[in-house]
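Here is the structure we will look at, set down as structure tokens.
In our numbering, the protein residues as written are 447 to 642.
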């Protein structure tokens with residue numbers, strides 16, 4: 447069975463992490479979950495008191511954030527990659543500086559050192575220079591920084607549609623076979639002379 451590490455940090459956008467878990471679970475992916483204390487709080491605030499239970503119901507294993515001896519802390523435990531959704535700038539900075547102080551950061555570091563895909567759904571706005579430098583550093587190390595930017599060209603009609611598109615796009619970046627893909631831009635018919 448294909449394995450994926452899913453982590454939620456305390457940034458806003460907890461619905462994206464829950465939707466990623468649903469997509470992976472429905473696709474038969476073995477999910478290894480790490481949730482920070484701040485993420486637990488954000489889940490409850492943004493999605494209600496049962497959100498963590500709903501999330502845990504979709505995964506195979508939840509690893510405590512402090513368990514640096516968990517299987518996902520080792521590169522010998524093979525996964526198809528890792529998604530951090532939502533990803534706080536604290537996590538981006540810690541991954542950039544290799545500050546593996548907890549299981550989330552250690553698992554992200556392992557993902558990079560094993561040359562597996564690490565998708566960081568980095569959630570912050572506006573960005574200062576430190577944020578930009580940290581995002582550049584993780585990108586240079588091999589991570590994919592994928593801010594949760596809505597695809598307005600798809601003309602979403604609800605918050606749920608926006609969350610669904612962002613979550614599908616994050617999963618797409620792992621390039622896992624057999625999972626439904628995010629909606630694609632199909633182009634639009636234009637008058638050739640219009641752009642001359």
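All residues carry an ideal CB built from backbone N, CA and C; glycine is no exception.
Here the structure is a predicted model, which is why all the values come from computation and not from measurement.
Who does residue i pair with in a DSSP beta bridge?
i: residue 590; result: 565
i: residue 453; result: 480, 530
Can you tell me whether residue i is helix, strand or coil according to DSSP?
i: residue 573; result: coil
i: residue 644; result: Any answer about residue 644 is impossible in this case: the structure gives the chain only from 447 up to 642.
i: residue 622; result: coil
i: residue 617; result: helix
i: residue 499; result: helix
i: residue 640; result: Bear in mind that a pLDDT of 47 at residue 640, under 50, signals an unreliable position, so the number given afterwards is only what the model happens to contain. Helix at residue 640.
i: residue 508; result: strand
i: residue 601; result: coil
i: residue 522; result: coil
i: residue 463; result: helix
i: residue 548; result: coil
i: residue 513; result: coil
i: residue 608; result: helix
i: residue 713; result: Because the chain here runs from 447 to 642, residue 713 falls outside it and cannot be looked at.
i: residue 633; result: coil
i: residue 595; result: coil
i: residue 433; result: Any answer about residue 433 is impossible in this case: the structure gives the chain only from 447 up to 642.
What residues in its chain sit with their C-beta under 7 Å from that of residue i, if we drop five residues either side in the sequence?
i: residue 586; result: none
i: residue 619; result: 563, 565, 590, 592
i: residue 546; result: 552, 555
With C-beta atoms as the reference, is residue i less than 8 Å away from residue j?
i: residue 564; j: residue 589; result: yes
i: residue 537; j: residue 558; result: no
i: residue 567; j: residue 532; result: yes
i: residue 448; j: residue 469; result: no
i: residue 462; j: residue 471; result: no
i: residue 450; j: residue 518; result: no
i: residue 542; j: residue 580; result: yes
i: residue 503; j: residue 497; result: no
Closer than 6 Å by C-beta to residue i: which residues in its own chain qualify, once you throw out the five before and the five after it? Chain order, please.
i: residue 479; result: 452, 505, 508
i: residue 639; result: Because residue 639 carries a pLDDT of 49, less than 50, the predicted location of this residue cannot be relied on, and no value is offered for it.
i: residue 501; result: 464, 467
i: residue 403; result: With the chain covering 447 to 642 only, the question about residue 403 has no answer from this structure.
Grab me the residues of residue i's own chain with a C-beta within less than 8 Å of its C-beta, minus the 5 sequence neighbours each way, in chain order.
i: residue 483; result: 456, 511
i: residue 599; result: 631
i: residue 458; result: 488, 492, 532, 569
i: residue 621; result: 563
i: residue 641; result: Note that residue 641 has pLDDT 44, beneath the 50 cutoff, so the model's placement of it is unreliable and the number below is only indicative. Taken in chain order, the list of residues that qualify is empty.
i: residue 602; result: 596, 608, 611
i: residue 623; result: none
Report whether the distance from the Cβ of residue i to the nearest heavy atom of the ligand MG is below 7 Å.
i: residue 599; result: Ligands are entirely absent from the displayed structure, and the ligand MG is therefore not among its contents.
For chain B, find out if any of its Cβ atoms is closer than 8 Å to the Cβ of residue i; answer yes or no.
i: residue 497; result: As a matter of chain content, chain B is missing from the structure shown, which is built from one protein chain.
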